[in-house]
Amino acid sequence: MTDIDISVGLVLLDDTDSLQVISTNKADKWTPCTFTDNIPSETFSWGDYPSRMKKWMKHDEDEEYDHELYEITAVPEFSHIVGQSIQDVEILHIDEQSPFGVKLMFEKDYIVSSPIPAGNTIETKQFNQGNKIHHFAKVWKARFASLKYKLENGYIE
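Numbering of the sequence shown is given in this note's numbering, commencing with residue 3 and proceeding in unit increments.
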């Protein structure tokens, strides 16, 4: 099986020429990672997402897929994320040494990026509600730790 995942790609106001990606490290399929990438030359409509996802899941292993960018600016499910400021970044972990997910907090919504067997997935209040985080919390006593809180209280320099 090939690695098909859903990662977060953000175009930030202070760098509109790059894509800031939040995903899971492909080498260990556990540790969160971030990197800057080029914005893909082709942008797909959000309406194309369901059919393209089905195609990815059935694709031949010889086919090559790269990042795809979906225009979500006017999509209701993401209305409390697009154009909003990130209020906090929380790290999902079992203990302080084992981070395995990232949660971007917005005033009225969030994006959680976490590992799955194929790579990475995301969820928001209105998208892909698989309640994976509740599963992690129940099985492994996983918790979120606020980076904003740690910075403000001197835990991180």
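Glycine included, C-beta positions come from ideal geometry on N, C-alpha and C.
Can you look up Phe46 in the DSSP assignment and give me helix, strand or coil? Reduced to three states, the DSSP call for Phe46 is strand.
Distance between beta carbons of Ile8 and Ile124, contact taken as under 8 Å: Ile124 to Ile8, Cβ: 5 Å. Contact.
Since Val10 and Val23 should fall inside the 8 Å C-beta cutoff, what is the C-beta to C-beta distance between them, to a whole number of angstroms? About 7 Å separates the two Cβ atoms, so the contact holds.
Tell me whether Glu125 sits in a helix, a strand or coil according to DSSP, three-state version. In the structure shown, Glu125 sits in a strand (DSSP, three-state: E or B).
Taking the beta strand (DSSP E) that Ser87 falls in, what are its first and last residues? Run containing Ser87: none; DSSP gives neither H nor E here.
Report yes if the C-beta distance between Ser20 and Cys35 is below 7 Å; otherwise report no. Going by C-beta atoms, Ser20 is not nearer than 7 Å to Cys35.
Assuming the contact rule is C-beta atoms closer than 8 Å, Ala147 and Glu109 should be a hit. Round their C-beta distance to whole Å, please. 20 Å between Cβ atoms; not a contact.
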